[in-house]
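If you're matching positions, the sequence shown starts at -1 in the numbering used here and goes up one per residue.
By construction, the Cβ of each residue, glycine as well, lies at the ideal position given by its N, Cα and C atoms.
A quick note: this is a predicted structure, and the numbers were derived from the prediction, not measured.
Read through the structure below, which is laid out as structure tokens, and then see the notes.
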Amino acid sequence: MQNLRKIKSFIIYLANKNTVLSDFVRNFHSSEDSSSKTSVSGIQKAAMLIADTIADKKKILLFGDNDADGICGAALGKAIIEDMGGRIDCALSFKLRAEHGLSAEDVFKAASAGVKLILTVDNGLDSLRAVQIARENGIDVVITDHHQTPEDLPYATSIVTPFICPEDFPSQNLSGAAVLFYVLKETQKILKDRNFFFKAPPKPELSYYMVLAAISTIADGMPLDEINKEIISKGKDLVQKKQCSEGIKYLTAQYSNHSKTFESCLWQIARRIELPALFNYDSREMVDLLLTEYTTQAILLNETLNELNIKKGVLTQKILKTAYTLAAEQNDDNVIVIELPLLEIMIGGFVAQKVRKHFHKQLCIVFCRFKDMYIGYARAAKGLSLIKIFKTIKKIEPELQFIYGGHKSAAGMRINERDLKKFSEILKNIPTLTVVQQ
Ligand SMILES: [Mn+2]
């Protein structure tokens, strides 16, 4: 059994290096016992697994997306799990990878570091291959996410999203960080019921970290329903009472000078902490920035962000100019599809949205070539669902090889070099996009 697992891992490793092997791997997997693949959704199962891993002193890898929501989620999760006595490593995704979110490379690293449970925040739903590799290596995977549900779910040990298990959440509009917050709240309850904390639950109380959920809610532009309003007002309250980390105190003091409201202050913090990822740098220092108890560290990290922000401004102007010129040639079409050279800065989503609005289009996709594929950043007008549009294209042309994920009006995709032209043709010819309206 042990040998079989090793052979499987090796084949998957090879497949990672060589795409020709990927079909073989797919067939190899489909012959397996399907019972080992079953995912159970719901907070209870996820919280139980996390609680067991903490209690057994086994190592957890918390894996966040590299945007502000994912970074806040990683900070919130790291702090809460550490407070509960868990052993935890933290990692964030990179924009320039063959896969969005958790990738095969991340799983191999985790396996060699002795990780027993991978817990995702704000990503994971589309990480089919990475999750499969983790399970093959005896690593449990708990996915917490808030993106749209894809057609094929990964074979995680447990999956928790407000769409897949709505009964577990007070709202469907939660940010990724807030989803994790509810999972960890349940985890703490389980450990408390088991008397794991002896006398009292750990300090600070969970609500201390609510400001991180508040930043992520604003960062992702989540609809401000009653629950989200409550999260933000709790965050505001904590900041006013100075019940937050020195990092948050410093950032809110810095950015409230330029902001009329608390929400716009959070918005500015969110855009700042995303800067390293835009340059494809590791975002882990941003987790440190949010959690640090040293003002000096906050000052130094914020200075680095200021420099990156200036660099971003210069590059953005240059890229937008090119994008507008290319888009102007397609002004008669319903949909704009533009290709930019691999950007020095990953602002494809921002450019797509700018172009879409500037040319009054319902949909715009910006593609950047990366190795033998294209990474696509799509933005659509409210009322459309990009996920449904991509599903429709898959139905029209099942031969096209592309993967996608995200939200209704902001989504990402990866497509084979040879399929890009055909994909763009179909997309441009979907009749007025009405077939895919919500
Ligand atoms: Mn998110």
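CB contact flag (residue i, residue j, <8 Å)
{"i": "arginine 446", "j": "leucine 90", "result": "Residue 446 lies beyond the range of the chain shown here (-1 to 436); nothing can be said about it."}
{"i": "glycine 84", "j": "aspartate 120", "result": "no"}
{"i": "leucine 288", "j": "leucine 210", "result": "yes"}
{"i": "arginine 412", "j": "isoleucine 401", "result": "yes"}
{"i": "valine 177", "j": "threonine 142", "result": "yes"}
{"i": "phenylalanine 277", "j": "leucine 306", "result": "yes"}
{"i": "isoleucine 230", "j": "glutamate 272", "result": "no"}
{"i": "lysine 310", "j": "isoleucine 343", "result": "yes"}
{"i": "alanine 175", "j": "leucine 60", "result": "no"}
{"i": "isoleucine 385", "j": "alanine 409", "result": "yes"}
{"i": "aspartate 370", "j": "leucine 398", "result": "no"}
{"i": "methionine 284", "j": "isoleucine 424", "result": "no"}
Secondary structure of residue i, DSSP reduced to three states
{"i": "tyrosine 153", "result": "coil"}
{"i": "cysteine 70", "result": "helix"}
{"i": "leucine 441", "result": "The requested residue 441 is not part of the displayed model; the chain covers only -1 to 436."}
{"i": "glutamate 395", "result": "coil"}
{"i": "leucine 123", "result": "coil"}
{"i": "asparagine 226", "result": "helix"}
{"i": "phenylalanine 348", "result": "helix"}
{"i": "leucine 338", "result": "strand"}
{"i": "tyrosine 372", "result": "strand"}
{"i": "lysine 239", "result": "coil"}
{"i": "isoleucine 413", "result": "strand"}
{"i": "tyrosine 279", "result": "coil"}
{"i": "glycine 524", "result": "With the chain covering -1 to 436 only, the question about residue 524 has no answer from this structure."}
{"i": "serine 254", "result": "helix"}
{"i": "isoleucine 363", "result": "strand"}
{"i": "arginine 95", "result": "coil"}
{"i": "threonine 323", "result": "helix"}
{"i": "arginine 3", "result": "For arginine 3, the pLDDT reaches just 48, beneath the cut-off of 50, and the residue's location in the model is therefore unreliable, leaving the point undetermined."}
{"i": "tyrosine 180", "result": "helix"}
{"i": "phenylalanine 161", "result": "coil"}
{"i": "isoleucine 297", "result": "helix"}
{"i": "leucine 219", "result": "Residue identity differs from the one stated: residue 219 is glycine in this sequence, not leucine. Of the three classes helix, strand and coil, the one that applies to glycine 219 here is coil, per DSSP."}
{"i": "aspartate 65", "result": "coil"}
{"i": "alanine 89", "result": "strand"}
{"i": "alanine 408", "result": "strand"}
{"i": "leucine 172", "result": "coil"}
{"i": "tyrosine 206", "result": "helix"}
{"i": "alanine 379", "result": "coil"}
{"i": "phenylalanine 400", "result": "strand"}
{"i": "threonine 142", "result": "strand"}
{"i": "leucine 384", "result": "helix"}
Closest Cα partner of residue i within the set the options
{"i": "aspartate 223", "options": "Leu313, Asn171 and Thr118", "result": "Asn171"}
{"i": "valine 333", "options": "Met284, Arg354 and Asp63", "result": "Arg354"}
{"i": "lysine 93", "options": "Gly346, His358, Phe167 and Glu291", "result": "Gly346"}
{"i": "lysine 57", "options": "Ala111, Lys234, Thr320 and Leu182", "result": "Ala111"}
{"i": "serine 39", "options": "Ile86, Pro160 and Phe195", "result": "Pro160"}
{"i": "glutamate 415", "options": "Lys426, Glu305, Glu337 and Gln351", "result": "Glu337"}
{"i": "lysine 316", "options": "Ile387, Leu341, Ser257 and Glu305", "result": "Leu341"}
{"i": "asparagine 193", "options": "Ala53, Gln351 and Val285", "result": "Ala53"}
{"i": "aspartate 286", "options": "Cys88, Lys201, Asn255 and Asp150", "result": "Cys88"}
{"i": "glutamine 146", "options": "Gln238, Ala350 and Ile157", "result": "Ile157"}
{"i": "proline 506", "options": "Ile79, Ile162, Gln399 and Cys362", "result": "Within the shown structure, residues of the chain are numbered from -1 to 436, placing residue 506 beyond reach of any answer."}
{"i": "glycine 62", "options": "Lys43, Val113 and Leu117", "result": "Leu117"}
{"i": "serine 422", "options": "Glu165, Gly403, Phe388 and Gly404", "result": "Phe388"}
{"i": "proline 396", "options": "Gly403, Glu165 and Lys420", "result": "Lys420"}
{"i": "alanine 212", "options": "Cys263, Glu327, Pro202 and Lys239", "result": "Cys263"}
{"i": "phenylalanine 195", "options": "Met82, Val140 and Glu203", "result": "Met82"}
{"i": "lysine 43", "options": "Val140, Lys55 and Gly381", "result": "Val140"}
Chain-order list of residues whose beta-carbon lies under 8 Å from that of residue i (same chain, five-residue window excluded)
{"i": "alanine 45", "result": "Val181, Leu182, Glu184, Thr185, Lys187 and Ile188"}
{"i": "tyrosine 279", "result": "none"}
{"i": "leucine 236", "result": "Ser205, Tyr206, Met208, Val209 and Cys242"}
{"i": "tyrosine 248", "result": "Thr293, Ala296, Ile297 and Asn300"}
{"i": "arginine 95", "result": "Ser101 and Glu103"}
{"i": "alanine 321", "result": "Ile336, Leu338, Val349, Lys352, Val353 and Val364"}
{"i": "aspartate 65", "result": "Asp120, Ala217, Asp218, Glu272 and Ala275"}
Sequence-distant residues of the same chain with beta carbon closer than 6 Å to residue i, five excluded per side
{"i": "serine 173", "result": "Asp67, Ser214, Thr215, Asp218 and Met220"}
{"i": "lysine 426", "result": "Asp331 and Val333"}
{"i": "proline 168", "result": "Ile225"}
{"i": "phenylalanine 365", "result": "Glu337, Tyr372 and Gly374"}
{"i": "alanine 49", "result": "Thr185, Ile188 and Leu189"}
{"i": "leucine 115", "result": "Thr51, Ile58 and Asp138"}
{"i": "isoleucine 79", "result": "Ile86"}
{"i": "leucine 303", "result": "Arg270 and Leu273"}
{"i": "isoleucine 41", "result": "Val158, Asp166, Val181 and Glu184"}
Same chain, Cβ closer than 7 Å to residue i, neighbours up to 5 away in sequence not counted
{"i": "proline 199", "result": "Gln186 and Lys190"}
{"i": "asparagine 329", "result": "Phe357"}
Problem set entry | Inter-stretch contact (C-beta, 8 Å, three-pair minimum) for the segment 364 to 378 and the segment 113 to 131 | no
Problem set entry | Three-pair Cβ contact test at 8 Å for the segment 239 to 254 versus the segment 288 to 304 | Segments in contact, yes.
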